[in-house]
Amino acid sequence: AGVALGSMAGTGKPQVEISDCYYFGTLSSANGNCGGILGNGQQVVVERCWNAGYIQSGNYTGGLAGQISDATIKDCYNAGTVYNQSTSSVGGLIGYLSGSASKTSIENCLSFGTIFNSIIARSENCEFIGQNTVSVTLKNCYYDSQVAGWGGKIGPKTTKELTTGTAIDGFDTSVWQFAAGMYPRLKKSANLDIALLNATPFFLADGESHGKVTKNFTVSSLNDVDWEITGTTQARISGTTVNITRGSKLV
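Numbers -18 to 232, taken from my numbering, label the letters of the sequence shown in order.
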């Protein structure tokens, strides 16, 4: 069996509380459970945490947690990359969720990091949860349908909608920072360079998403971010405009 990997804990003990944490870097395992904050957890509480790292595994894989049960997740977000082409248990927030609905709560969470998973094994609402055995309601949870989305019905918003700077209904403005042209951030870490970097968006053309890009798009000029495109001749950047070669498809 593979080990469980998480930046704060590989396996969280029952009733552990993790708050005000973030991760950036790389976590990778061939067959272990990987999460940006927690690998495994039971009866855990995760609040005001976020991931900006690259999380990769051949097993349960999530931006925040690989596998959890009877958990409370509140005021968290994933801005990092989650990669698993092997199973359906890969999600923007949680790879595999189990337990009891009465003991599970997911509230005020965002997913705007890219998810790479198998089109054959892809589960609905993988923007948040890869494999879900709990009939739980995601309250006030939203994802970027152009960057993180694969068509999930829960909480889709365009990049523009998530970066208006207007507070999202139900989100506590003493916890979250909202600024025009940027993704929401958690206030306690809002001014860290890594938080600013990952809150700086690019804007795909209306109607397009990361799965198929055929039109020119723009990148933000905020926060002194230097944008670069490598590994393809199908797109070139000039100023804040990314030009797509005519007739090509950038995937």
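We put the beta carbon where it would ideally sit given N, CA and C, even for glycine.
Outcome for residue i when other beta-carbon atoms lying within 10 angstroms are tallied against a minimum of 16
i	result
D125	buried
A(-15)	Bear in mind that the predicted position of A(-15) carries a pLDDT of just 49, short of 50, making it unreliable; the figure below should be weighed with that in mind. With 16 or more other Cβ atoms within 10 Å, it is buried.
N204	exposed
Q37	buried
Q158	buried
A52	buried
G76	buried
W131	buried
G136	buried
T85	buried
N98	buried
Beta-carbon proximity check, residue i vs residue j, cutoff 8 Å
i	j	result
I87	C122	yes
I225	I218	no
T145	A161	yes
V25	V(-3)	yes
K141	V156	no
F21	G47	Residue identity differs from the one stated: residue 21 is Asn in this sequence, not Phe. In contact: N21 and G47 (Cβ atoms closer than 8 Å).
Y164	L143	yes
V63	G13	no
Y58	G34	no
G6	L45	no
Cβ-Cβ separation, residue j to residue i (assumed contact under 8 Å), whole Å
i	j	result
S79	T114	5 Å
G60	N32	Position check: residue 60 holds Ala in this sequence, whereas Gly was assumed. Between N32 and A60 the Cβ distance is about 7 Å, and since that is below 8 Å, they are a contact.
S92	G111	Contact doesn't hold; Cβ gap of about 12 Å is too wide.
I18	I49	Actually they do not touch by this definition, with Cβ atoms about 10 Å apart.
T221	T199	5 Å
Please go through the stretch 47 to 117 and give each complete beta strand (DSSP E) segment of 3 or more residues, from N-terminal end onward. Runs of the beta strand (DSSP E) lying entirely within the stretch 47 to 117 and spanning at least 3 residues, in chain order: 53 to 59, 62 to 65, 75 to 79, 86 to 92, 96 to 98 and 110 to 113.
Validate contact between the stretch 37 to 55 and the stretch 178 to 189 using beta carbons, cut 8 Å, 3 pairs: Contact fails: fewer than three Cβ-Cβ distances are below 8 Å.
Identify every run of the alpha helix (DSSP H) within the stretch 159 to 191, keeping only runs that are complete inside it and at least 4 residues long; order them along the chain. Here the runs fully enclosed are 174 to 179.
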